[in-house]
Amino acid sequence: MSKPADCGCYGQKQAQEDSSAVDFSQEQKMLVQDSWAIFSIGDQPQVVTDTTYLYVNLFRIRPDAAALFGFKEDDPLTEEAVLGNQRLKTHVGRVVKGLDFIVKNMYDLEEVGDFLHELGARHVKYRARNEFFQPIKESMLFAFERKLGSQFTPQVKQAWGVLLDIVTTHMQEGLREACAAKNSQEQ
Numbered sequence: 001m002s003k004p005a006d007c008g009c010y011g012q013k014q015a016q017e018d019s020s021a022v023d024f025s026q027e028q029k030m031l032v033q034d035s036w037a038i039f040s041i042g043d044q045p046q047v048v049t050d051t052t053y054l055y056v057n058l059f060r061i062r063p064d065a066a067a068l069f070g071f072k073e074d075d076p077l078t079e080e081a082v083l084g085n086q087r088l089k090t091h092v093g094r095v096v097k098g099l100d101f102i103v104k105n106m107y108d109l110e111e112v113g114d115f116l117h118e119l120g121a122r123h124v125k126y127r128a129r130n131e132f133f134q135p136i137k138e139s140m141l142f143a144f145e146r147k148l149g150s151q152f153t154p155q156v157k158q159a160w161g162v163l164l165d166i167v168t169t170h171m172q173e174g175l176r177e178a179c180a181a182k183n184s185q186e187q
């Protein structure tokens, strides 16, 4: 079975565990909820800018991910270029809405899981690859730490890490299934 050129999920590390097995305590959920309330306070353009630092950091770690957002190979990936990219800002607006949905509904992990599974499946058309999920998690934690400063305690970081692992698990599952379906259609 050959891999479609634009579907990079085969041969990549799969999600480590079923998110239902993840211990996401009530205390951790409250830490996520409280820190999200602080992070997302203010006007939408500022929240988008703060969240865009996720991509500033991601492109430092994985410059190859920038191509998924319209950056050319020889484009400078400076902080100013990333923060000023309108296509990326539009995407980040959707990321903020998705994070808000996840945080507001994290007490119903089944509903969140279904949303994330679908979201992962949609990312096939954007040529998302499983190998980007861990750097995205690290970069999201970077963006939170940048904005929250001393309020981003080790406990808050751990709580977000657990939630982002749940996000990753469901999105990777959706991405893998969509890749498999796409691959079988192209056979």
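Using UniProt numbering, the first residue of the sequence shown is number 1, and each one after it goes up by one. Heads up, the beta-carbon is just placed ideally off N, CA and C, and yes, glycines get one too. Keep in mind that this is a model prediction, so the values were computed, not measured.
Whose C-beta lies closer than 6 Å to the C-beta of residue i among residues of the same chain, with five residues either side of it excluded?
{"i": "residue 57", "result": "139, 142"}
{"i": "residue 135", "result": "58, 61, 62"}
Once the 5 residues before and after residue i are set aside, which same chain residues still bring their CB inside 7 Å of it?
{"i": "residue 71", "result": "77"}
{"i": "residue 175", "result": "9, 120, 121, 123, 124, 128, 130"}
For residue i, which residues from the same chain have a beta carbon less than 8 Å from its beta carbon, with the 5 sequence-adjacent residues on both sides left out?
{"i": "residue 133", "result": "168, 171, 172"}
{"i": "residue 19", "result": "The predicted model places residue 19 with a pLDDT of 43, which falls under 50 and marks its position as unreliable; any figure quoted below should be read in that light. Contacts found: 109, 113, 165, 166, 169, 170."}
{"i": "residue 100", "result": "36, 40"}
{"i": "residue 75", "result": "66, 81"}
Assuming the contact rule is C-beta atoms closer than 8 Å, residue i and residue j should be a hit. Round their C-beta distance to whole Å, please.
{"i": "residue 32", "j": "residue 159", "result": "5 Å"}
{"i": "residue 107", "j": "residue 68", "result": "The Cβ separation is near 32 Å, so there is no contact."}
ask   = Which parts of the UniProt domain "Globin" (23-176) are runs of the alpha helix (DSSP H), unbroken and 4 residues or longer, counting only runs that do not cross its ends?
value = When DSSP assignments are scanned along the UniProt domain "Globin" (23-176), the uninterrupted stretches of alpha helix (DSSP H) that are 4 or more residues long and fall wholly within it turn out to be 26-39, 44-61, 79-83, 86-105, 109-122, 133-148.
key: Given 8 Å, three or more beta-carbon pairs between the segment 143-157 and the segment 82-93   = The segment 143-157 makes no contact with the segment 82-93, as fewer than three CB pairs between them are under 8 Å.
key: At least 3 beta-carbon pairs within less than 8 Å: the segment 91-98 vs the segment 35-54   = The segment 91-98, when compared against the segment 35-54, does touch it at the 8 Å Cβ threshold.
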